[in-house]
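Novice: The structure follows.
There are 2 protein chains.
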Amino acid sequence: MDSIYPLSKKLNFFVLSHPLMDTRKHVEVCFTPGEYDYYKDEYEIVVVIDVLRATSAICAAFDNGILSIIPVPTVEEAWEYKQKGFLAGAERKGQIVEGFDFGNSPFSYMREEFRGKEVVLTTTNGTKSLDVAKDAEIVVVGSFLNLDALSEWLSKQDKNVLCLCSGWQDKFNLEDTICAGAISEYLINTGNFVSEEDSSIAAKYLYLSAKDNYLGYLKSSSHRKRLKNLNLNEDIKYCLTPNQTRVIPILKNGKLVQLSED
Amino acid sequence: MDSIYPLSKKLNFFVLSHPLMDTRKHVEVCFTPGEYDYYKDEYEIVVVIDVLRATSAICAAFDNGILSIIPVPTVEEAWEYKQKGFLAGAERKGQIVEGFDFGNSPFSYMREEFRGKEVVLTTTNGTKSLDVAKDAEIVVVGSFLNLDALSEWLSKQDKNVLCLCSGWQDKFNLEDTICAGAISEYLINTGNFVSEEDSSIAAKYLYLSAKDNYLGYLKSSSHRKRLKNLNLNEDIKYCLTPNQTRVIPILKNGKLVQLSED
């Protein structure tokens, strides 16, 4: 009976190495919204990531009891909502746009006045990615803040997953890529997912070399330098601290709401 | 007199940390031709990289005595040249296009008949990058094959350098990124260059983790799998072996010729 185990291993190898027999789902990484068109067709779930700071702020907002967030791509649209009496936030180049009361700092959503409210938000990169991905079957919001909760939920869906990084002004950025690599690594380790794109393999390598010290790893990144000039060190530390919440924001009819797992 | 050294170090730190006093040039990495527009304005030199296989083939061709190469973006243009009697090559999806005698295998340029000749070439990714970059002040061709010779030359130019990776069908690829990371690392180590883009920092990390075994590192890359299906293992080994030639192909009036260092 000793020979059965090696035989089953061989069969398993045969099954997994034959594309038609491989039932594993894909988890892949797209570095910027501009490249989304080259990836989009094969994925039922898109995870939008903008670690510094839109998707971190969105997770913090739901953790603090916000009802819903309407993401809009332009400042003009956010302004129109504000004129109609909505709570509206706008960020460009890392700063709150003049005339608005808040931007994309996670801390600004921790105020009592936001509880149970609907909020409108536009940011440089994150809401742009949400707009680009909006026609996908399922769009959820990822950040370090909800890393484990989101990864666990994704692992149960039996669907192909694309992590869409928001980048910085259409360019690649490290922190989104590392967060995408963390999600990919989790899903691959379940044995039910595989990554094949070079971008995904790179994201996983970068995550593995960063995971013991995100802040140290990112200290040389252009984005962190840019934010440092804006005195946002507290925001950065907060956004790079994993698993502060179990919320999973999901896009439903143009609004972000909290996923209920019923 | 002991205090002079620390003082000079402090002054040096002050000088280098002040943007206006920092005379170092930039070496940055752009992952795909599609993103070139976000980078292009700040660099006098563009290094076009398509490791598997266009820029490796171009380096091999000059090493074997070819006179010049006319890179064209489309198969139609290559075909027109062929009708006029030119030696013309065309590759799409890793294979020689029907009706053409050669594509982008470095070995195809090692034949005696190419010596002293002018050749026309179109490839899926590499000649597209050359086309995208053609208006830069200086466009040179990089690969692992001419890594040290090219890096040494770049270090002497006192100009900003952009490594333009060709990617695979508009997506990021690992092998071009690692080659770009190798060039960046060389230039940064001279002390006269600095990288600030996150893409460049990622390329350097990926290069450092790959440099001891390129072939092993890339074995999981999608591109290598794709080429493996085409039985191109010998090409891949050749293209990943650094410093087989000192040639530096340079774009002059729409033609690639060998740089003469007079």
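Just so you know, the sequences run in chain order C and Y. Sequential numbering of the first sequence, starting at 1, is according to my numbering. Sequential numbering of the second sequence, starting at 1, is according to my numbering. We put the beta carbon where it would ideally sit given N, CA and C, even for glycine.
1) Tell me the DSSP secondary structure of residue 113 of chain Y in three-state form.
2) Determine, for residue 197 of chain Y, whether the minimum Cβ-Cβ distance to residues of chain C falls below 9 angstroms.
3) Could you check what DSSP says for residue 247 of chain C in three-state terms: helix, strand or coil?
4) Please name the residues in the region 160-176 of chain Y whose beta-carbon is closer than 8 angstroms to at least one beta-carbon of chain C, in chain order.
5) Return the CA-CA distance between residue 68 of chain C and residue 81 of chain C, expressed in angstroms with no decimal places.
6) On a CA-only basis, which of C/117, C/234, C/174 and C/191 is nearest residue 211 of chain C? Give me that one, please.
7) So, with DSSP's three-state summary, where would you put residue 240 of chain C?
8) So if DSSP puts residue 142 of chain Y in a beta bridge, which residue, or which two residues, is it bridged to?
9) Starting from residue 209 of chain Y, find everything on chain C with Cβ-Cβ shorter than 8 angstroms and list it in chain order.
10) Take every Cβ of the region 147-154 of chain Y, pair it with every Cβ of the region 101-116 of chain Y, and state whether three or more of those distances are shorter than 8 angstroms.
11) Between which two residues does the alpha helix (DSSP H) carrying residue 75 of chain C extend?
12) Mapping DSSP to helix, strand and coil, what is residue 122 of chain Y?
13) Thinking C-alpha only, which one of Y/108, Y/93, Y/147 and Y/126 is nearest residue 241 of chain Y?
14) Across the region 120-138 of chain Y and the region 100-111 of chain Y, are there enough close Cβ pairs to call them in contact, namely three or more that are closer than 8 angstroms?
15) List the residues of chain C whose Cβ lies closer than 8 angstroms to the Cβ of residue 38 of chain Y, in chain order.
16) Applying a beta-carbon distance threshold of less than 8 angstroms, which residues of chain C neighbour residue 42 of chain Y?
17) Can you tell me whether residue 215 of chain C is buried or exposed? The criterion is at least 16 other CB atoms within 10 Å of its CB, across all chains shown.
18) Taking 8 angstroms as the cut-off, is the CB of residue 254 of chain Y close to at least one heavy atom of the ligand ZN?
19) Under 8 angstroms Cβ-Cβ, which residues of chain Y neighbour residue 202 of chain C?
20) Taking 9 angstroms as the threshold (beta carbon to beta carbon), is residue 94 of chain C in contact with chain Y?
21) Is there a C-beta anywhere in chain Y that falls below 9 angstroms from the one on residue 246 of chain C?
22) Closest Cβ-Cβ distance between residue 34 of chain Y and chain C: below 9 angstroms?
23) I'd like the span of the beta strand (DSSP E) that includes residue 68 of chain Y, first residue to last.
24) Identify the continuous alpha helix (DSSP H) that holds residue 40 of chain Y and give its terminal residues.
25) Is residue 35 of chain Y closer than 9 angstroms to residue 170 of chain C when the C-beta atoms are compared?
26) Starting from the Cα of residue 162 of chain C, find the closest Cα among C/125, C/219, C/64 and C/193 and give me that residue.
27) Looking at residue 183 of chain C and residue 46 of chain C, is the spacing between their C-beta atoms short of 9 angstroms?
28) Using a Cβ-Cβ cut-off of 9 angstroms, state whether residue 144 of chain Y counts as contacting chain C.
29) Would you tell me roughly how many angstroms separate the C-alpha atoms of residue 26 of chain Y and residue 260 of chain C, rounded to the nearest one?
30) With a threshold of 9 angstroms between beta carbons, is residue 193 of chain Y in contact with chain C?
31) Return the chain-ordered list of same chain residues with a C-beta closer than 6 angstroms to the C-beta of residue 244 of chain C, the five sequence neighbours on each side being excluded.
32) If residue 188 of chain Y sits next to residue 195 of chain Y, beta carbons under 8 angstroms apart, how far is it from one beta carbon to the other, in whole angstroms?
33) Along the chain, where does the alpha helix (DSSP H) containing residue 182 of chain Y start, and where does it finish?
34) Checking contacts by CB at 9 angstroms: is residue 100 of chain Y closer than that to chain C?
35) Ordered along the chain, which non-local residues of its own chain (more than five positions away) have a Cβ less than 6 angstroms from that of residue 131 of chain Y?
36) Between C/179, C/166, C/160 and C/24, which lies nearest to residue 213 of chain C when the distance is taken from Cα to Cα?
Specialist: Quick look at the numbers:
1) helix
2) yes
3) coil
4) 168, 169, 170, 171, 172, 173 and 174
5) 14 angstroms
6) C/174
7) coil
8) Y/49
9) 205 and 209
10) no
11) 75-83
12) strand
13) Y/147
14) yes
15) 169, 170 and 171
16) Ordered by position in chain C, no residue passes the 8 angstroms Cβ test against residue 42 of chain Y, which lies about 13 angstroms from the chain.
17) exposed
18) The ligand content of the structure shown is nil, which means the ligand ZN is not present either.
19) 172, 174, 177, 202 and 206
20) no
21) no
22) yes
23) 68-71
24) Segment: none, residue 40 of chain Y is in no alpha helix (DSSP H) and carries neither H nor E.
25) yes
26) C/193
27) no
28) no
29) 48 angstroms
30) no
31) 145
32) 6 angstroms
33) 174-189
34) no
35) 73
36) C/179
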